[in-house]
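**Q**
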Amino acid sequence: MRHGGSRTGLRSRRAAGGWLLCLALAPLVMTGFAADPPCEKAPDLWFPAPGIVLSHGEISVQQVIGPGPAGNPLVVCEGTLISVITTVDNLTCGDAGSFDVSLFYDFLDGAHLIGVQHVVGLDDCEHIVLEFAWDTTGVPPGEHTIIAVADSGGDVDELNETNNQYTFETKVEVRPLVPLIDADKVFLDPNGGSPAPGDTIVYEITIRNDGCRDHHNNPGHEFTDEIPALMTYAGVATATLGVVGLEGNRVVWNGEIPAGGAVTITFQVVLDNELEDLETICNQGMVYWDSDGDDTNDSQEPTDDPSTAAFNDPTCLTVHQLPPSAPMAGTIDAPTLTEWGAIAFGALLAAAFVGMLMRRRRLTSGQRTGEEVG
Amino acid sequence: MNKTTTIWDRVHRSWRTILEQRRGGRRLASILIFVLSLSGFAVFILWIMGNEAATASLQTAIARIVSSSLNLLGQKTEAIGTTVSSARFSIAVVTACTGLFLTAVYLAAVLAYPARWLAKLLGAGIGLTGIFTLNIVRLVSLFYVGLYFPRYVDQVHLLIWQSLTIVFSLFLWLFWAGKVAHAAYKH
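Put into structure tokens, the structure is as follows:
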């Protein structure tokens, strides 16, 4: 009996415990099913644009940071370490497994790979912020575009495979550790308008050193510019740095250009009076510079006319001669008096006329009175 | 005696009245002559303006004189027809630029003013020379203003030179009437 009674008690206690457990777990089970229904969608990785609000109220970041001042392009010397921060987000409720995020410049190939980072997984609606360090050593000088690729290994089966690439808005301009010279040449007519025979023309040459090393004053001229026929040097030349002068019929300049700096050279010429209408005169200066930093001018850079689309083209001016007999914009006719001027003059002269007559009357009556008194 | 004096006095007064009336008539006549001369010169100017050959030759002559003056001052100008041209600026000498109206009004005033013929001739000479010279100076200066300060051409032309021309012509006439015509009359 005792054993039987105890068995019955044990059974009833187990039953009661089971019910309690069920009651306790029921809300958890029910709420669990309601909040997290099974997701049938595949994940979708993408790069949200900077400033977009993501889960947990965090803001998306896509940024390129260099050691110097910010800007677009970000200008750095070759060998500088650049930090690239990118945010990868999973758009859908489907969890993404492990995948790679790769960073390239200009082209999506191994030669242009900046780095790869492995992401273990990205749950639904979650994001991850990755930071890449880009060592620009060996990167060719010039402007470069940075491109990030999510799931570069194709490990994740995504809902949308076309949004896995992001091109950074900020570009990076890498400058070499030697001088890098570029030159522009423009002309100015101080009188304004088109150049005419006999006009004085000012040529302005700007030589820039876009390299990360100063360009020294090396043996030989750094810049020469032949004065073309039908132009005469007017004896006025200036340079913001170095020394400018005339050697024969060419303007020459010697001097240093600091890294990232520029020199502006100007000289004046007078156009020949015999130039004919619509005649064009072109000329181009030449910069001799040191491209490898051994203080020898081993490279040449012709000046470019920035007003044209062509690259390294000569600077040309076209003479416009107006026929002397043709009335020009500057022609005036200058009547001696306008209509109102004529009316005013007539009225004033008439008043003066009457006034003088009256004065004359006074004089004559005075004379007569004198005669009478006498 | 008293009676005689009274008669003489009356005769004298009568003569005086007649003379004064004559003098008043002279003043009236002078004003009439001034108006008639003005009308005459106005007709003359209208005739000249209608006569292209006459105006063109006057304009051409002035253009040549202005161009020569400018060349003497170092400018490279050329008188082509009635235009004074350079590479950068030109002045077209139109009929109104010749000072014809100004001269005509001045001459009308000289002609109408009571004075001896010699004094009138002298007055006409002074006026013609003075106004013509001033007009050449005016055109030369306007060329320079147009060349170097083109923005101010209108102001210089309309305000400064017009006023100067009027004042100068008035001064010339007043000078003649006051110094030459009156002096001759007094003597």
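Going down the list, the protein sequences come from chains Z and G.
With our numbering as the guide, the letters of the first sequence map in order to residues 11 to 384.
With our numbering as the guide, the letters of the second sequence map in order to residues 796 to 982.
All C-beta atoms, glycine included, are put in the ideal place defined by N, C-alpha and C.
1. Which whole-angstrom value describes the C-beta separation of Leu190 (chain Z) and Asp220 (chain Z), a residue pair presumed to lie in contact below a C-beta threshold of 8 Å?
2. At what residue ranges does the region 870–934 of chain G contain a whole run of the beta strand (DSSP E), taking only runs of 3 or more?
3. Whose C-beta lies closer than 6 Å to the C-beta of Glu153 (chain Z) among residues of the same chain, with five residues either side of it excluded?
4. Determine, for Val900 (chain G), whether the minimum Cβ-Cβ distance to residues of chain Z falls below 8 Å.
5. Looking at the strands, I want to know which residues DSSP matches up with Ser309 (chain Z).
6. Note down the Cα distance separating Ile840 (chain G) from Thr850 (chain G), rounded to an integer number of angstroms.
7. Consider the Cβ of Thr313 (chain Z): report whether some Cβ of chain G lies at a distance smaller than 8 Å.
8. Nearest to Asp105 (chain Z) by CA position, among Z:Gly351, Z:Gln127 and Z:Leu55, is which residue?
9. Judging by CA-CA distance, which residue of Z:Trp299, Z:Gly265 and Z:Glu236 is the nearest neighbour of Asp308 (chain Z)?
10. Does the region 109–121 of chain Z come close enough to the region 152–171 of chain Z to have 3 or more Cβ pairs within less than 8 Å?
11. Rounded to the nearest angstrom, what separates Ser880 (chain G) and Gly208 (chain Z) at their Cα positions?
12. Have a look at Z:Ile124, Z:Ala193 and Z:Met241 and flag the residue whose alpha-carbon is nearest the alpha-carbon of Gln310 (chain Z).
13. Of the choices G:Val889, G:Phe966 and G:Ser862, whose alpha-carbon is the least far from that of Trp918 (chain G)?
14. DSSP puts Asp314 (chain Z) in a beta bridge; with which residues?
15. Pick from Z:Thr102, Z:Ile75 and Z:Ile211: whose alpha carbon is nearest that of Ser93 (chain Z)?
16. Quick check on Asp949 (chain G): does DSSP put it in helix, strand or coil?
17. Since Asp287 (chain Z) and Gln331 (chain Z) should fall inside the 8 Å C-beta cutoff, what is the C-beta to C-beta distance between them, to a whole number of angstroms?
18. Does any C-beta atom of chain Z lie closer than 8 Å to the C-beta of Leu969 (chain G)?
19. Check whether the region 942–956 of chain G touches the region 908–922 of chain G, counting contact only when three or more Cβ pairs, one atom from each stretch, lie closer than 8 Å.
20. Can Lys195 (chain Z) and Thr274 (chain Z) be called in contact, C-beta distance under 8 Å?
21. Could you name the residues of chain Z that Thr960 (chain G) contacts, counting a contact when the two beta carbons are closer than 9 Å?
22. In this structure, does DSSP put Thr41 (chain Z) in helix, strand or coil?
23. From Met338 (chain Z) to Tyr176 (chain Z), what distance separates their C-alpha atoms?
24. Could you please tell me which residues of the region 191–208 of chain Z, in chain order, have their CB closer than 8 Å to any CB of chain G?
25. Verify the contact flag: Gly255 (chain Z), CB atom, against every heavy atom of the ligand COA, threshold strictly below 7 Å.
26. Identify, in the order they occur along the chain, each residue of the same chain with its Cβ nearer than 6 Å to the Cβ of Asp165 (chain Z), setting aside the five sequence neighbours on each side.
**A** Taking the definition as stated:
1. Mapped onto the first sequence, residue 190 (chain Z) falls at position 180. Mapped onto the first sequence, residue 220 (chain Z) falls at position 210. Yes, Leu190 (chain Z) and Asp220 (chain Z) are in contact; Cβ-Cβ is about 4 Å, under 8 Å.
2. 873–875, 878–880 and 885–887
3. Stepping through the first sequence from its first residue, residue 153 (chain Z) is reached at position 143. Closer than 6 Å at the Cβ level, and outside the excluded window around Glu153 (chain Z), lie Pro83, Lys181 and Glu183.
4. The sequence position of residue 900 (chain G) within the second sequence is 105, counting from 1. Output row for Val900 (chain G): interface = yes.
5. Position 299 of the first sequence holds residue 309 (chain Z). According to DSSP, which records beta bridges pairwise, Ser309 (chain Z) is partnered with Z:Trp299.
6. Looking up residue 840 (chain G) in the second sequence gives position 45. Looking up residue 850 (chain G) in the second sequence gives position 55. Whole-angstrom Cα-Cα distance: 10 Å.
7. Within the first sequence, the letter at position 303 stands for residue 313 (chain Z). Not one chain G Cβ lies under 8 Å of Thr313 (chain Z).
8. Stepping through the first sequence from its first residue, residue 105 (chain Z) is reached at position 95. Answer by Cα proximity: Z:Leu55.
9. Along the first sequence, one-based indexing puts residue 308 (chain Z) at 298. Closest by alpha carbon: Z:Trp299.
10. yes
11. If you number the second sequence from 1, residue 880 (chain G) lands on position 85. If you number the first sequence from 1, residue 208 (chain Z) lands on position 198. Cα to Cα, Ser880 (chain G) sits roughly 15 Å from Gly208 (chain Z).
12. Stepping through the first sequence from its first residue, residue 310 (chain Z) is reached at position 300. It is Z:Ala193.
13. Counting from 1 along the second sequence, the entry for residue 918 (chain G) is found at position 123. One point to set straight first is that residue 918 (chain G) is Gly, not Trp, in the sequence displayed. Considering only alpha carbons, the answer is G:Phe966.
14. The residue given as residue 314 (chain Z) occupies position 304 in the first sequence. Looking at the DSSP assignment, Asp314 (chain Z) forms a beta bridge with Z:Asp194.
15. Taking the first sequence and counting its residues from 1, the one referred to as residue 93 (chain Z) is at position 83. Of the candidates Z:Thr102, Z:Ile75 and Z:Ile211, the one whose C-alpha sits nearest the C-alpha of Ser93 (chain Z) is Z:Ile75.
16. Here the question's residue 949 (chain G) lines up with position 154 in the second sequence. Here Asp949 (chain G) sits in helix by DSSP.
17. Reading the first sequence from its first residue, position 277 is the one you call residue 287 (chain Z). Reading the first sequence from its first residue, position 321 is the one you call residue 331 (chain Z). About 4 Å; that satisfies the 8 Å criterion.
18. Within the second sequence, residue 969 (chain G) is the residue found at index 174, counting from 1. Taking Cβ atoms only, chain Z reaches closer than 8 Å to Leu969 (chain G), which makes this a yes.
19. no
20. By one-based count along the first sequence, residue 195 (chain Z) stands at place 185. By one-based count along the first sequence, residue 274 (chain Z) stands at place 264. No; because the gap between Cβ atoms is not below 8 Å, this pair is not in contact.
21. As a working note, residue 960 (chain G) is residue 165 in the second sequence. Near Thr960 (chain G) (Cβ distances below 9 Å), the residues of chain Z are Thr346, Leu347, Gly351 and Phe355.
22. Numbered from its first residue, the first sequence carries residue 41 (chain Z) at position 31. In this predicted model, Thr41 (chain Z) has a pLDDT of only 47, less than 50, meaning its place in the structure is not dependable; the value taken from the coordinates is given anyway. Residue state, collapsed to three classes: helix.
23. Looking up residue 338 (chain Z) in the first sequence gives position 328. Looking up residue 176 (chain Z) in the first sequence gives position 166. Because Met338 (chain Z) sits at a pLDDT of 43, beneath the cut-off of 50, its placement in the model cannot be relied upon, and the point is left open.
24. Asn201, Ala206, Pro207 and Gly208
25. What this structure holds is no ligand at all, so the ligand COA is not there to describe.
26. Here residue 165 (chain Z) is taken as the residue at index 155 of the first sequence, counted from 1. Answer for Asp165 (chain Z): Phe109, listed in chain order.
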